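Note that the sequence shown covers residues 26 to 379 in my numbering. Every residue gets a Cβ at the ideal spot worked out from N, C-alpha and C, and that includes glycine. Given the structure is predicted, the values throughout are model-derived calculations rather than measurements. In what follows, a single structure is set out as structure tokens and then discussed.
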Amino acid sequence: MALPGGSGQCLAGRLLALLFLSSLDSVQGGKLLVVPMDGSHWISMKVVVEELGRKGHQVVVVIPERDITVVEMMSRASVWLLRLDFTLEFPRPLMPNMVLIGGINCGVKNSLPVELEEFVNSSGEHGFVVFTLGSIISEMPLKKINQFAEALGKIPQKVIWRLTGPTPGNLSANIKLMKWLPQNDLLAHPKARVFMTHGGTHGLYEGICNGVPMVMLPLFGDQTDNVQRVASRGVGVVLSIYDMTSQSLLDALNTVINDKSYKENMMRLSTLHKDRLIEPLDLAVHWTEFVMRHKGAEHLRPAAHDLNWIQYHCLDVIGLLVVIVIAVALVTVKSCVFCFRKCCRRSGKKRKSD
Numbered sequence: 026m027a028l029p030g031g032s033g034q035c036l037a038g039r040l041l042a043l044l045f046l047s048s049l050d051s052v053q054g055g056k057l058l059v060v061p062m063d064g065s066h067w068i069s070m071k072v073v074v075e076e077l078g079r080k081g082h083q084v085v086v087v088i089p090e091r092d093i094t095v096v097e098m099m100s101r102a103s104v105w106l107l108r109l110d111f112t113l114e115f116p117r118p119l120m121p122n123m124v125l126i127g128g129i130n131c132g133v134k135n136s137l138p139v140e141l142e143e144f145v146n147s148s149g150e151h152g153f154v155v156f157t158l159g160s161i162i163s164e165m166p167l168k169k170i171n172q173f174a175e176a177l178g179k180i181p182q183k184v185i186w187r188l189t190g191p192t193p194g195n196l197s198a199n200i201k202l203m204k205w206l207p208q209n210d211l212l213a214h215p216k217a218r219v220f221m222t223h224g225g226t227h228g229l230y231e232g233i234c235n236g237v238p239m240v241m242l243p244l245f246g247d248q249t250d251n252v253q254r255v256a257s258r259g260v261g262v263v264l265s266i267y268d269m270t271s272q273s274l275l276d277a278l279n280t281v282i283n284d285k286s287y288k289e290n291m292m293r294l295s296t297l298h299k300d301r302l303i304e305p306l307d308l309a310v311h312w313t314e315f316v317m318r319h320k321g322a323e324h325l326r327p328a329a330h331d332l333n334w335i336q337y338h339c340l341d342v343i344g345l346l347v348v349i350v351i352a353v354a355l356v357t358v359k360s361c362v363f364c365f366r367k368c369c370r371r372s373g374k375k376r377k378s379d
């Protein structure tokens, strides 16, 4: 079973983990080997693994000696758990073994640490802004950091900023810097006004779950595609982090904060997203146990993964069709030449007889 997430063309790039499953007669005795992926992709996997552990399954996390390719992971999986939801996604065809678990990382909400709770409560009626560019970006140029600090210092809201790089020299009193922040817990707070994000699917779904409009600064990969889909729903504004200025960021923040349509659209999107028959975590656990109960559930695995390169790209079929077309063309040409010669011979005989 593989657990990719993300969107469209970058689906494979968001592979979270691979589960090697075996079970006894009862699924309560299931055994799982989990091969984790680096970075924030482990967040969703961790939620599923912990829930499976609570249900009595034996879970072991292993680090393989060699790298496992995305193609290898995807091709061996009977079920794909996709961190997607059609509330945000555009329509697309799906295989029967693809299960949508978008928002799986939003279910658990904890209380904020005392110091952080005091800071957000001190924001008063203005509320606060959550700002993070994810776990992959560790540092930014100081010039860019100062641009952010200048814009954030001009808004009345308090700002909680995850920053691991150098501290800006123009840091205002309304900004709190943190090496790590409880993102989902902060977004769930009633005083959260805006979420500044790079557009990763974890953050986007946490923003949607908690009804917080966004200012988005995509960095690479599928993030540009992600933020455009969010913007198309009228729940956020997109900026280019490379062309951004302090003034353009300030304008975007003021637009999202003061234009009520962004909050209203986000609350509508959040309501749609959360109106479902079964929670994503329960769905993920069910399908994991389904694979265990049915000894790998090979019937769900597409046969395309077992085809060789020639078969997969239908080169044998294309070759046959090309041969047929060439044969028909040759027969047609030969027939035309034969008929033409026959006609020429008849006309030649008539001239001689005349």
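Kindly provide the ranges of any beta strand (DSSP E) runs that are 3 or more residues long and lie completely inside the region 288-323, ordered along the chain.
none
Looking at the secondary structure, which residues open and close the alpha helix (DSSP H) in which Phe-115 lies?
For the purposes of this step, residue 115 is identified with residue 90 of the sequence shown, where counting begins at 1. Element bounds for Phe-115: n/a, residue is neither H nor E.
With a 10 Å radius around its C-beta and 16 neighbouring C-beta atoms as the bar for buried, classify Trp-312 as buried or exposed.
Your numbering for residue 312 matches position 287 in the sequence shown. Buried: at least 16 other Cβ atoms inside 10 Å.
Taking a contact to mean a Cβ-Cβ separation below 9 Å, would you say Val-104 touches Phe-315 in this structure?
Along the sequence shown, one-based indexing puts residue 104 at 79. Along the sequence shown, one-based indexing puts residue 315 at 290. Closer than 9 Å, so yes.
Between which two residues does the alpha helix (DSSP H) carrying Arg-101 extend?
Here residue 101 refers to the residue found at position 76 of the sequence shown. 95-101 is the extent of the alpha helix (DSSP H) around Arg-101.
Return the CA-CA distance between Glu-75 and Leu-206, expressed in angstroms with no decimal places.
Counting from 1 along the sequence shown, the entry for residue 75 is found at position 50. Counting from 1 along the sequence shown, the entry for residue 206 is found at position 181. Roughly 21 Å between the two C-alpha positions.
Mind checking Leu-102: buried by the 16 CB within 10 Å criterion, or exposed?
The sequence position of residue 102 within the sequence shown is 77, counting from 1. For the record, residue 102 in the displayed sequence is Ala; it is not Leu. Under this definition Ala-102 is a buried residue.
For Val-252 versus Phe-220, is the C-beta spacing smaller than 9 Å?
Start at 1 with the first residue of the sequence shown, and residue 252 comes out as number 227. Start at 1 with the first residue of the sequence shown, and residue 220 comes out as number 195. Their beta carbons are not under 9 Å apart, which means Val-252 does not touch Phe-220 by this criterion.
To the nearest angstrom, report how far apart Ser-360 and Lys-367 are at their CA atoms.
As a first step, residue 360 must be located in the sequence shown, where it is residue number 335. As a first step, residue 367 must be located in the sequence shown, where it is residue number 342. Approximately 11 Å between the Cα atoms of the pair.
Local Cβ density within 10 Å of Ile-303, reported as buried at 16 or more and exposed below that:
Counting from 1 along the sequence shown, the entry for residue 303 is found at position 278. Counting Cβ neighbours within 10 Å, Ile-303 comes out exposed, since fewer than 16 surround it.
I need the DSSP call for Met-221, collapsed to helix, strand or coil.
Residue 221 sits at position 196 when you count from the first residue of the sequence shown. In this structure, Met-221 counts as strand in the three-state DSSP scheme.
DSSP state of Gln-83 mapped onto helix, strand, coil
What you label residue 83 is simply residue 58 of the sequence shown in a count that begins at 1. It is a strand residue.
When DSSP labels each residue in this structure, what does Arg-370 get in the three-state scheme?
For this step, residue 370 is matched to residue 345 along the sequence shown. Here Arg-370 sits in helix by DSSP.
Grouping DSSP H, G and I as helix and E and B as strand, with all else coil, what is Met-241?
As a working note, residue 241 is residue 216 in the sequence shown. Three-state result, Met-241: strand.
Let's test the definition: count the other Cβ atoms within 10 Å of the Cβ of Trp-186 and tell me whether it reaches 16, buried, or not, exposed.
Working through the sequence shown from its first residue, we reach residue 186 at position 161. When all chains shown are included, Trp-186 counts as buried.
C-alpha distance - Asp-341 paired with Ala-309, whole-angstrom precision:
For the purposes of this step, residue 341 is taken as the residue at position 316 of the sequence shown. For the purposes of this step, residue 309 is taken as the residue at position 284 of the sequence shown. In a straight line, the C-alpha of Asp-341 is about 39 Å away from that of Ala-309.
Can you list, in chain order, the residues of its chain with a C-beta nearer than 6 Å to that of Ala-174? Leave out the 5 residues immediately preceding and following it.
Taking the sequence shown and counting its residues from 1, the one referred to as residue 174 is at position 149. The residues are Pro-193, Asn-195 and Leu-196.
Helix, strand or coil at Trp-205 [DSSP, three-state]:
Reading the sequence shown from its first residue, position 180 is the one you call residue 205. In this structure, Trp-205 counts as coil in the three-state DSSP scheme.
Spell out the partners DSSP gives Val-347 in its beta bridges.
Your numbering for residue 347 matches position 322 in the sequence shown. DSSP, once it has assigned bridges, lists no residue as partnering Val-347.
So is Lys-183 buried or exposed if we call it buried at 16+ other beta carbons inside 10 Å?
For the purposes of this step, residue 183 is taken as the residue at position 158 of the sequence shown. So Lys-183 counts as buried.
CB-CB under 6 Å to Asp-92, same chain, minus the five flanking residues each way: which ones, in chain order?
Residue mapping note: residue 92 aligns to position 67 of the sequence shown, counting from 1. Excluding sequence neighbours, Asp-92 sits near nothing in its chain.
Among Thr-226, Thr-112 and Leu-137, nearest to His-214 - alpha-carbon criterion:
If you number the sequence shown from 1, residue 214 lands on position 189. Of the listed residues, the one whose Cα sits closest to His-214 is Leu-137.
Buried or exposed by the 16-neighbour rule on C-beta atoms within 10 Å, applied to His-227
Position 202 of the sequence shown, counted from the first residue, corresponds to residue 227. Buried, by the Cβ-count rule.
For Ser-271, tell me which candidate among Pro-181, Glu-140, Ile-170 and Val-353 has the shortest Cα-Cα distance.
Reading the sequence shown from its first residue, position 246 is the one you call residue 271. The option with the nearest alpha carbon to Ser-271 is Ile-170.
Three or more C-beta pairs closer than 8 Å, one from the region 142-157 and one from the region 337-355: is that the case here?
no
Straight-line Cα distance separating Ile-282 from Val-237:
The residue labelled residue 237 in the question sits at position 212 within the sequence shown. The residue labelled residue 282 in the question sits at position 257 within the sequence shown. Going from the Cα of Val-237 to the Cα of Ile-282 covers about 10 Å.
Spatially closest choice to Val-262 from Asp-250, Ala-277, Tyr-230 and Ser-273, by CA coordinates
The residue given as residue 262 occupies position 237 in the sequence shown. The shortest C-alpha separation from Val-262 is found at Ala-277.
Where does Phe-363 fall in DSSP's three states?
By 1-based counting over the sequence shown, the position of residue 363 is 338. Helix.
Nearest by alpha-carbon distance to Ile-233: which of Ser-295, Glu-289 and Gly-55 is it?
Working through the sequence shown from its first residue, we reach residue 233 at position 208. Out of Ser-295, Glu-289 and Gly-55, Ser-295 has the C-alpha closest to the C-alpha of Ile-233.
Note down the Cα distance separating Arg-326 from Glu-97, rounded to an integer number of angstroms.
Against the sequence shown, residue 326 aligns to sequence position 301. Against the sequence shown, residue 97 aligns to sequence position 72. Approximately 13 Å between the Cα atoms of the pair.
Got a sec, what are the start and stop residues for the beta strand (DSSP E) Arg-187 sits in?
Position 162 of the sequence shown, counted from the first residue, corresponds to residue 187. Per DSSP, Arg-187 belongs to the beta strand (DSSP E) from 183-187.
Opposite Leu-212 in the DSSP bridges: which residues?
The sequence position of residue 212 within the sequence shown is 187, counting from 1. Answer is none; Leu-212 lacks a bridge partner.
Excluding the 5 residues flanking Phe-111 on each side, which residues of the same chain have their C-beta closer than 8 Å to its C-beta?
Reading the sequence shown from its first residue, position 86 is the one you call residue 111. Leu-125, listed in sequence order.
Please report the straight-line C-alpha distance between Met-123 and Lys-204, rounded to a whole angstrom.
Locating residue 123 in the sequence shown gives position 98, counting from the first residue. Locating residue 204 in the sequence shown gives position 179, counting from the first residue. The straight-line gap from Cα to Cα measures roughly 36 Å.
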